[in-house]
Amino acid sequence: MCDVSGQQLLPAPPRLSALAWVMAPCVGVPHSISPPEKFPLFGVVLFGAYGFAWVGIAVKFNLEQFYRFCSQLRIETKERGLQKMDRLLGTQTYVMDEITKGLADDVHMFVILKGRQLGITTISLALDLYWHFINPGLQGTLVTDTEENKDMFRQTLGMYMEGLPREFRIPLVAHNRNSLALKNRSRLFYQVAGKRANGGLGRGKAITFLHSTETSSYGDEEGMASLLASLAESNPSRLYTFESTARGFNQFHDMYVTAKRARSQRAIFCGWWRNQFYSVDAGSDIYKVYWDGKLSPEEKEWVKDIKKLYGIEINSRQMAWWRWKLHEGIKDDALMMQEFPPTEDYAFIMSGTSFFSNARCTDAAKIAKKLLFDNYRYVMGANFQDTDVLKTTERLGVLKVWEEPVDTAYYVIGADPAYGSSDWADRFCIQVFRCYADGMEQVAEMATSEMNTYQFAWVIAHLAGAYKNSTLNLEVNGPGQAVLNELKNLKRQASAIGGSVGKSLLDVLGSMSSYVWRRNDNMGGISNSIGWLTTSTSKERMLSYMKDNFERGMLAVYSMELLEEMKTIERDDGSIMASGRNKDDRVIAAALAVAAFEEQLRPRLIANRLTRASSRAQDMKTPEEMAGQRSVSTYLKNIGMLQ
Numbered sequence: 046m047c048d049v050s051g052q053q054l055l056p057a058p059p060r061l062s063a064l065a066w067v068m069a070p071c072v073g074v075p076h077s078i079s080p081p082e083k084f085p086l087f088g089v090v091l092f093g094a095y096g097f098a099w100v101g102i103a104v105k106f107n108l109e110q111f112y113r114f115c116s117q118l119r120i121e122t123k124e125r126g127l128q129k130m131d132r133l134l135g136t137q138t139y140v141m142d143e144i145t146k147g148l149a150d151d152v153h154m155f156v157i158l159k160g161r162q163l164g165i166t167t168i169s170l171a172l173d174l175y176w177h178f179i180n181p182g183l184q185g186t187l188v189t190d191t192e193e194n195k196d197m198f199r200q201t202l203g204m205y206m207e208g209l210p211r212e213f214r215i216p217l218v219a220h221n222r223n224s225l226a227l228k229n230r231s232r233l234f235y236q237v238a239g240k241r242a243n244g245g246l247g248r249g250k251a252i253t254f255l256h257s258t259e260t261s262s263y264g265d266e267e268g269m270a271s272l273l274a275s276l277a278e279s280n281p282s283r284l285y286t287f288e289s290t291a292r293g294f295n296q297f298h299d300m301y302v303t304a305k306r307a308r309s310q311r312a313i314f315c316g317w318w319r320n321q322f323y324s325v326d327a328g329s330d331i332y333k334v335y336w337d338g339k340l341s342p343e344e345k346e347w348v349k350d351i352k353k354l355y356g357i358e359i360n361s362r363q364m365a366w367w368r369w370k371l372h373e374g375i376k377d378d379a380l381m382m383q384e385f386p387p388t389e390d391y392a393f394i395m396s397g398t399s400f401f402s403n404a405r406c407t408d409a410a411k412i413a414k415k416l417l418f419d420n421y422r423y424v425m426g427a428n429f430q431d432t433d434v435l436k437t438t439e440r441l442g443v444l445k446v447w448e449e450p451v452d453t454a455y456y457v458i459g460a461d462p463a464y465g466s467s468d469w470a471d472r473f474c475i476q477v478f479r480c481y482a483d484g485m486e487q488v489a490e491m492a493t494s495e496m497n498t499y500q501f502a503w504v505i506a507h508l509a510g511a512y513k514n515s516t517l518n519l520e521v522n523g524p525g526q527a528v529l530n531e532l533k534n535l536k537r538q539a540s541a542i543g544g545s546v547g548k549s550l551l552d553v554l555g556s557m558s559s560y561v562w563r564r565n566d567n568m569g570g571i572s573n574s575i576g577w578l579t580t581s582t583s584k585e586r587m588l589s590y591m592k593d594n595f596e597r598g599m600l601a602v603y604s605m606e607l608l609e610e611m612k613t614i615e616r617d618d619g620s621i622m623a624s625g626r627n628k629d630d631r632v633i634a635a636a637l638a639v640a641a642f643e644e645q646l647r648p649r650l651i652a653n654r655l656t657r658a659s660s661r662a663q664d665m666k667t668p669e670e671m672a673g674q675r676s677v678s679t680y681l682k683n684i685g686m687l688q
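Just so we're aligned, residue 46 is where the sequence shown starts under our numbering, counting upward by one.
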């Protein structure tokens, strides 16, 4: 056995002279007969060519030990030249703290959204080396966006190794442009993702450690999928980090959003304000020029967000630095937000001209995050009579409902079948909005790729029947014709399901019946079904309707997923579309609903003065009061007092 200093307390059996006892402090293990060579940092005993022999439980991330290791590394710094890594940035310690917490919670995958020049790649490269030192037999890979960066980071790791004192170092077997191999059998491969598709990442490798840097620049989605498929799923020493700045709505954005929602992954946002050097002295000329004692309206917003989301109070010296960097360095507001984002919501920007206002989307997201909704999933059978809807969890749900149907309310429904608007739009989507003379409010959203056209028709019939006074606008391009035919079939089979009326959202058959038996003109001249054929002209028209209503505050959007899609819509070369391979299913369905509102429903609501206030007041009335009001209204119309 050994004490905390690693000194031998009991002699070892001779038969174990080949391999060592390993971990100190105080793990009861045998000791080699020959004198050991101490490795004080890790508390292990190293035996020449034999490396480590590990026993006992899984490796834990000892952060204090890691920092002692970092203090021995030498790195070329931007401001101070060649230095030991013994004075870490606040950004570096924050990310390492979050990784430590995640590992303690059995989380092994981390997606890190960062700003520029925060030292995250530098500390991550140190972690690469450390993790391979303390985990014998580790199969790791370092993935970069370009060959240039691969060579630079390989040289950095070489410099780390050369500068380490002998007692802190695991002997090298080989280090070349393809990999780093250690005597403890651990290997780190160097790979380049590239900015074009090649599909080769991760193939032929079983990976237990991964460091992906500048992931947002990767252009190979197939390669990324292959890389993720090669990751170990149960190895206790596995660790996977993806760190990058944001460069628009790309696969890194999708990974970050997924990590925020996942239980087995963790999203880490590292803001520029965690770097203690991103601040100027209060007596400096920069401070005197760029701090005037007050914040602009936009600055007030994100300073308040930083305080609320992260508990950090931004001071005047940091604000002076921010303004100096913007005006004398970046010189572009949008790029400043991308390179030095105050919060994660400000990080992702588009390369083209954003169609919907980013600021307006951010404001809407603040409201949406506070709202509760119910989740449902559909259970489909061979016939529409077998359709059922069940309450479920957010992870399993395809239908979100913010407000149950109100009999006296008016609605518009936008329905976009999969591949109706573009080759990337592979989800069936329905948006339901409650309408008033002075605006619209989202009440339900359905989105899934796991559906057929006939099933989509059944869901439309269910929601259009549940939200009774509704106008449906269906995209009839491509698959939309099949959906339309199935809706017609439902009407032909109306006698088979009778004339019952749905009493709640869960009454699927009754709601379908309500829809298929509905007269085409039961709202005083307003069509209950519109077939929308999307062309470049009609797409511009409906998206412009949506933009105008949204930015005037008339369109209330509560779906975070819809808001995320809206951020990716850009105008480029005269076309309005989602950037790259981003999806726009939810946006198109919402725009279809807004077009129906503007061209079909809103004029009548204005004529009848059905504003938000009057409609909500009507919701509070009892059925008896409503019946009495209808009687009085009918009498007044009959005597000519109401038109």
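Using N, Cα and C, we set each Cβ at its ideal position, and we do this for glycine too. The structure displayed is predicted, hence computed values, not measured ones.
- Nearest neighbour of L416 by Cα position, chosen from E448, V434 and G442, turns out to be E448.
- Burial is judged here by how many other beta carbons sit within 10 angstroms of a residue's own beta carbon; N594 has at least 16 and is buried.
- Under DSSP, C474 takes part in a beta bridge, and its partners are D461 and A492.
- A Cβ-Cβ distance of about 17 Å is found for the pair L227 and L255, leaving them out of contact under the 8 Å criterion.
- The beta-carbon separation of A463 and P524, rounded to 6 Å, stays under the 8 Å limit for a contact.
- A410 and D664 have their C-alpha atoms roughly 27 Å apart.
- Bridge partners of C315 according to DSSP: K159.
- With fewer than 16 other Cβ atoms inside 10 Å of its own Cβ, K414 counts as exposed.
- Setting aside the 5 residues that flank it on each side, E389 is surrounded in the same chain by L158 and F314, each with a C-beta closer than 7 Å to its C-beta; the list follows chain order.
- For Y285, the uninterrupted beta strand (DSSP E) segment begins and ends at L284 to S289.
- Only residues of its own chain outside the window of five on either side were considered, and among them G459, Q476, M591 and L607 have a CB closer than 7 Å to the CB of A635, listed in chain order.
- Ranked by Cα distance from N428, the options F393, E373, A404 and W503 are led by W503.
- In the structure shown, the three-state DSSP call for M382 is helix.
- The three-state reading of DSSP puts S620 in strand, counting E and B together.
- Inclusion of F401 and I614 in the CB contact set at 7 Å is warranted, their separation being smaller than that value.
- Excluding five sequence positions before and after L444, the CB atoms of its chain that fall closer than 6 Å to its own CB belong to Y421 and M491, given in chain order.
- In this structure, D461 places its C-beta atom within 7 Å of the C-beta atom of E520.
- Note that the C-beta distance between I331 and W369 is below 7 Å.
- Contact annotation: the segment 282-298 touches the segment 146-164, with at least three C-beta pairs closer than 8 Å.
- Excluding five sequence positions before and after I505, the CB atoms of its chain that fall closer than 6 Å to its own CB belong to A460, given in chain order.
- In the three-state scheme derived from DSSP, where H, G and I count as helix and E and B as strand, N420 is classed as strand.
- In this structure the segment 161-177 lies against the segment 106-121, because at least three pairs of beta carbons, one per stretch, are closer than 8 Å.
- In this structure, F642 sits near M485, with a CB-CB distance shorter than 7 Å.
- Taking 7 Å as the cut-off, the Cβ atoms of N518 and L637 count as close.
- Take R657, set aside five residues on each side of it, and the residues of its chain with a beta-carbon closer than 7 Å to its own are Y481, D483 and G484, in chain order.
- A direct Cα-to-Cα measurement between G203 and H220 gives close to 8 Å.
- Sequence-distant partners of W336 (beyond 5 residues in either direction) whose C-beta falls short of 7 Å from its own C-beta, in its chain, are S361, M364 and A365.
- Looking at Q296, L600 and E259, the one whose alpha-carbon comes closest to that of V237 is E259.
- For the options F287, S279 and N295, the alpha carbon positioned closest to that of E266 is the one of N295.
- The alpha-carbon of Q500 is positioned some 7 Å away from that of M425.
- Between the alpha carbons of A307 and E278 lies a distance of about 15 Å.
- Scanning its chain for C-beta atoms nearer than 7 Å, with the 5 sequence neighbours on each side dropped, one finds no residue around E495.
- Annotated three-state conformation of I359 is coil, per DSSP.
- Its chain contains no residue whose beta carbon lies nearer than 6 Å to that of E346 once the 5 sequence neighbours on both sides are disregarded.
- Contact check for R311 against F418 fails: the beta carbons are separated by 7 Å or more.
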